[in-house]
Amino acid sequence: MNKPVLVLLAFALFACAQKRSVVEVAPSPIAVPTVPVDHMGELARYGSDAVLWQHASAEAYRLQQQGYELARLRLVENLKVADKRPPAVIVDIDETVLDNSPYQVAAIAIGHTFDQASWKAWTDRSAAAAIPGAVAFLQYARSLQCNIFYITNRDLRERATTLRNLDSLGFPQADEAHLLLMEGTSDKTERRARVASDHQVVLLVGDQLRDFDERFKDRSVNDGKSTVDTMADTLARYFILLPNPMYGTYRDAVQGKGTDEEKHRNMDEWFQRNGK
Ligand SMILES: [Mg+2]
């Protein structure tokens with residue numbers, strides 16, 4: 657084939673290709689169904705980085721160790737202050753002495769958020785690992801004659817499985833007299849007062865500021881940070897705060913306590929508002 661014929665053939669093929677590419681398809685008369693938004697799945701995805709960090713990062717592991725190292729220093733200092741009452745250390749349980757990040761990982765894997773039934777199934781297994789540093793610290797406090805009290809918002813149905821879990825890991829005084837479960841309110845003020853009525857409370861450890869003082873429930877002004885500043889001296893001396901970005905008052909203050917749809921909308925709106 658000579659050269660002009662080849663050129664003409666190439667133009668013809670190009671023209672055909674062009675023609676095919678501009679053929680318009682008539683709009684389908686069938687309406688495309690809208691896919692419903694998976695609000696629970698979206699909320700679960702919002703939490704995935706936090707859960708990954710808590711469960712798998714060496715940073716969380718180290719911060720937990722560090723928290724309990726600081727706890728030893730504060731404990732020794734506070735025990736120097738004489739008091740006739742027996743000394744006590746108060747600890748929260750979840751994300752303070754027991755690690756529930758496997759429950760959170762499993763929930764994200766299936767696009768679910770927290771619910772009481774799956775939580776109960778998890779605690780029924782008594783399978784949570786200890787937070788790094790927690791067992792050794794509480795055994796140390798016990799060796800210094802401190803009484804250990806576990807104040808938790810696990811409920812009364814979780815008493816036996818929680819004690820079994822704590823005991824299996826070597827936590828001291830894992831018995832009914834030293835476990836104060838939630839009875840009606842998540843506010844721990846009255847339970848702390850009960851311990852303080854006949855003990856000198858020398859230290860508290862928690863993963864929420866509410867584990868120290870209920871005033872931290874209020875995040876309406878400056879996200880609660882001004883309350884931290886107001887109580888700075890007391891916090892520094894008597895409270896060890898451990899990391900937990902997976903859940904808590906900080907998130908509830910943004911999401912609210914409504915349906916997954918409402919929580920999802922509140923989260924979206926928060927990012928839109930604050931991302932400007
Ligand atoms: Mg906790």
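Heads up: the sequence shown is residues 657 to 932, going by our numbering. Here a beta-carbon is modelled for each residue, glycine too, at the ideal position from N, C-alpha and C.
Residues Lys-776 of the same chain have their beta carbon placed closer than 8 Å to that of Arg-813, with the five preceding and five following residues left out of the count. Cβ contact annotation for Gln-760 (same chain, cutoff 6 Å, sequence separation greater than five): Val-707, Met-902, in chain order. Not one heavy atom of ligand 1 sits closer than 7 Å to the Cβ of Glu-925.
The three-state secondary structure of Gly-862, taken from DSSP, is strand. The DSSP-derived three-state label of Phe-895 is strand. In this structure, Thr-845 keeps its C-beta atom at 8 Å or more from the C-beta atom of Ile-749. Ranked by Cα distance from Gln-710, the options Pro-899, Leu-825, Asn-734 are led by Pro-899. According to DSSP, residue pairing for Tyr-702 in a beta bridge does not occur.
Counting along the chain, no alpha helix (DSSP H) covers Phe-868, and no H or E run does either.
Apart from the 5 residues on each side of it in sequence, Asp-924 has no Cβ closer than 8 Å to any other Cβ in its chain.
Between Ser-782 and Gly-789, the alpha-carbon positions lie close to 19 Å from each other. Proximity to Ser-704 across Ala-687, Pro-758, Leu-822 peaks at Pro-758, based on C-alpha coordinates. Between Gly-767 and Asp-843, the gap from beta carbon to beta carbon reaches 8 Å or more.
Take Glu-918, set aside five residues on each side of it, and the residues of its chain with a beta-carbon closer than 7 Å to its own are Gly-912, in chain order. Under the Cβ criterion (8 Å, minimum of three pairs), the stretch 860-873 does not count as touching the stretch 820-832.
Residue ranges of uninterrupted beta strand (DSSP E) with 3 or more members, entirely inside the stretch 818-847 and ordered along the chain, are 835-838. For Gln-856, the beta-bridge partners assigned by DSSP are Pro-743. Runs of beta strand (DSSP E) with 3 or more residues, each lying fully within the stretch 781-818, are found at 803-811, listed in chain order.
Between Val-745 and Ile-787, the C-beta spacing is not below 8 Å. Three or more beta-carbon pairs separated by less than 8 Å link the stretch 885-899 to the stretch 855-868, which places the two stretches in contact.
Taking 7 Å as the cut-off, one finds no heavy atom of ligand 1 near enough to the beta carbon of Gln-801.
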